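Scroll down for the structure; my scribbles are underneath it.
So this is what it looks like as C-alpha cells:
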C-alpha cells in the first residue's frame, strides 16, 4: 500500500517541477533571445542490487531528471536600428563589464554610449576582433566607432 502511494506522490512531485519549467518558459516567451527548456523524467526501478525484484518488477514511480535548453533558431525580426543585431544559426555575442569579465548572450540590442562604444542595455561593451587597414585580424577588444554622440 505504501509503495503505491509513493509512486503516485513521486509522479505529482516530478510533475510539479515540470510545471515550474513550463511557467518559466511562458514567463520569458517575449524575452529577447530566450531559449526555452524541456523537462526530462526517469523511471524509478524496483530491482535490488542483487537482481531480485522486490515487488514483481513493478516500478517505484518517476523522478524529475533535469532540463535541456532548446537551442532551436527563433524567428528574426527586422529593425530600423542598424545596431540591433542577430545570429542566424549558432553563435553568441561576447560582452564585457567594467572589470574586464566576459559574458555571452544571444540578445543583440545594442546602442552607442557617449564615448562611442557599442553597448547592450546593461552597459556591457560588445567585443569583436580588431581588424587593421589590410584586413588582418588582431586581438579581441571593445567595439568602438569614433564620432559625435548626442
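Numbering (the working numbering), first residue to last: 2 to 151. Where is the CB? At the ideal position from N, CA and C, for every residue including glycine. Computed from a prediction, not measured in an experiment: that's the story for all the values here.
Judged by DSSP secondary structure, residue 126 falls within the beta strand (DSSP E) whose first and last residues are 126 to 132.
In this structure, residue 34 sits near residue 106, with a CB-CB distance shorter than 8 Å. Its chain contains 40, 65 as the residues whose beta carbon lies nearer than 8 Å to that of residue 18, once the 5 sequence neighbours on both sides are disregarded; these appear in chain order. In the three-state DSSP reduction, residue 120 falls in the strand class (E or B).
Here residue 130 has 138, 139, 141 as same chain residues with Cβ atoms under 7 Å from its own Cβ, once five neighbours each way along the sequence are excluded. For residue 136, there is no enclosing beta strand (DSSP E), as DSSP gives it neither H nor E. CA-CA distance, residue 25 to residue 128, rounds to 30 Å. DSSP places residue 30 in the coil class of the three-state scheme, outside both helix and strand. Assigned with DSSP and collapsed to three states, residue 67 falls in strand.
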